[in-house]
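> Could you have a look at this structure, given as structure tokens, before my questions?
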Ligand code: 3PG
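Structure follows, in structure tokens:
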């Protein structure tokens, strides 16, 4: 792989694939960390005489134009951070975009509209990748958060662009995570939480071959609760993954991995409820009509025990609906336990970063990755499509 500082950028049109999939509500960006994380690459390229064309996805519009998923607010925020104007394109392909890209002078920045407004992005369509590649002289991938997706902008553009390289964010994540996880100091504990579920169960099975303890919280824990035969009430749950959850429990036992499932839950009417409806033991189950929204105090103590003495900890995903103070305690306590360890501690994913920031502990962990799913797949030891595409 070649990195951006090994490329001649003077007078070149550089197409950078960034991951600006940031939380936006009513046009307001909730957390701009991913935008900030891209600045070293952008500033380096601008200082070296390039003009920039930036592309990213935002959310899951599934090939439809969804105005609420426009990247326009991101272009505005980026302009503020860069201290120079960022032009917004009406689309990511087509004649108008082509002329806007062509008209760019060195030092100018153009943000293309959401790649996923075209279904061709996620299907990895060749013609779509070719059309995007034709906008530039050099392609640069700096989207670590999307590195596990074999989409057109990740694998198609580099195949057709005149030259390709990796940006500083991709490099930093790759080097840091690669080094930290190649021969992790033990005990090695992984924590998997968050609200995205199905994409992660397979990952857990692979992780069992690497870690000494695996802590499961968040929405995924509910599927395990169901697999144990306990009531889940109205909690987010995936009944079709119960078998897979059972396999995880069985494999953990066979391998002697300490699998830590919640012992108790804070329950409530929903993630936005003004207050909780109390705590229930996992064995008693979640009552009808209520949801498991955080882990309870017994679980936090169990976490403390599982993490005590750990030398490597990777954490992906809060263990409850932490944005609501009523359901934040489990995740905030977990953040404190992790921050207090004498260990290499790595957080991954936007929500984990936001949770550490809320606890005032963002600087107390060793490293925060911009990747969520990509970070988990990297940890599994998989070769990520983005890196493979840059090698070829
Ligand atoms: C992420 O936020 O994990 C990345 O931007 C990838 O997004 P996706 O899960 O919608 O592909």
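Residue numbers (my numbering): 82 to 473.
Note that the Cβ used here is the ideal one computed from N, Cα and C, for glycine as well.
Considering only their Cβ atoms, is the gap separating residue 329 from residue 346 smaller than 8 Å?
In the chain shown, counting from the first residue as 1, residue 346 sits at position 265. In the chain shown, counting from the first residue as 1, residue 329 sits at position 248. Their beta carbons are not under 8 Å apart, which means residue 346 does not touch residue 329 by this criterion.
> Cβ of residue 195 versus every heavy atom of the ligand 3PG: is any distance shorter than 7 Å?
If you number the chain shown from 1, residue 195 lands on position 114. No, the ligand 3PG has no heavy atom inside 7 Å of this Cβ.
> Do residue 102 and the ligand ADP come close, with the Cβ less than 7 Å from some heavy atom?
You won't find the ligand ADP in this model; what it holds is the ligand 3PG.
> Which runs of the alpha helix (DSSP H), 4 residues or longer, sit entirely within the region 364-398?
The qualifying runs are 378-388.
> Express the C-alpha separation of residue 179 and residue 147 in angstroms, rounding to a whole number.
Here residue 147 refers to the residue found at position 66 of the chain shown. Here residue 179 refers to the residue found at position 98 of the chain shown. So the alpha carbons of these two residues sit roughly 22 Å apart.
> Looking at the structure shown, is residue 133 part of a helix, part of a strand, or coil, going by DSSP?
Here residue 133 refers to the residue found at position 52 when the chain shown is read from its first residue. Of the three classes helix, strand and coil, the one that applies to residue 133 here is strand, per DSSP.
> Excluding sequence positions up to five away, which residues of its chain have a Cβ less than 6 Å from the Cβ of residue 190?
Counted from its first residue, the chain shown places residue 190 at position 109. These residues qualify, in order along the chain: 133, 167.
> Can residue 93 be considered in contact with the ligand 3PG, in the sense that its beta carbon sits closer than 7 Å to one or more heavy atoms?
Start at 1 with the first residue of the chain shown, and residue 93 comes out as number 12. No.
> The beta strand (DSSP E) that contains residue 321, what's its start and end?
On the chain shown, position 240 is the one that residue 321 refers to. No beta strand (DSSP E) contains residue 321, which DSSP labels as neither H nor E.
> At 4 residues or longer, and completely inside the region 167-252: list those alpha helix (DSSP H) runs for me, N to C.
Correct list: 176-183, 200-204, 207-214, 238-241.
> Suppose contacts are defined by Cβ-Cβ distances below 8 Å. Is residue 405 in contact with residue 456 by that definition?
Translated into the one-based positions of the chain shown, residue 405 becomes position 324. Translated into the one-based positions of the chain shown, residue 456 becomes position 375. No, the Cβ-Cβ distance between residue 405 and residue 456 is not below 8 Å.
> Classify residue 109 as buried or exposed, calling it buried when 16 or more other Cβ atoms lie within 10 Å of its own Cβ.
One-based indexing of the chain shown puts residue 109 at position 28. So residue 109 counts as exposed.
> Would you check if the region 435-446 and the region 284-300 touch, i.e. whether three or more CB-CB distances between them fall below 8 Å?
Too few Cβ pairs lie closer than 8 Å, so no.
> Starting from residue 418, follow its DSSP beta bridges and name the residues at the other end.
Translated into the one-based positions of the chain shown, residue 418 becomes position 337. Bridge partners of residue 418: none, in fact.
> Out of 198, 152, 187, 153, state which residue places its alpha-carbon closest to the alpha-carbon of residue 174.
The residue you call residue 174 lines up with position 93 of the chain shown. Minimum Cα distance to residue 174 is reached at 198.
> Does DSSP classify residue 346 as helix, strand or coil?
Locating residue 346 in the chain shown gives position 265, where the first residue counts as 1. Strand, per DSSP.
> Can you give the Cα-Cα distance for residue 414 and residue 245, rounded to whole angstroms?
Taking the first residue of the chain shown as position 1, residue 414 is located at position 333. Taking the first residue of the chain shown as position 1, residue 245 is located at position 164. Using only the alpha carbons, I get a separation of about 43 Å.
> Under 7 Å from any heavy atom of the ligand 3PG, does the C-beta of residue 236 make it?
As a working note, residue 236 is residue 155 in the chain shown. Checking the Cβ of residue 236 against the ligand 3PG gives no.
> Quick one: what's got a C-beta closer than 6 Å to residue 169's C-beta in the same chain, skipping five residues either side?
Mapped onto the chain shown, residue 169 falls at position 88. Same-chain partners within the cutoff: 153, 156, 192.
> Taking the Cβ atom as the reference point for each residue, do residue 425 and residue 266 lie within a distance shorter than 8 Å?
What you label residue 425 is simply residue 344 of the chain shown in a count that begins at 1. What you label residue 266 is simply residue 185 of the chain shown in a count that begins at 1. It is a contact, given that the beta carbons lie within the stated cut-off.
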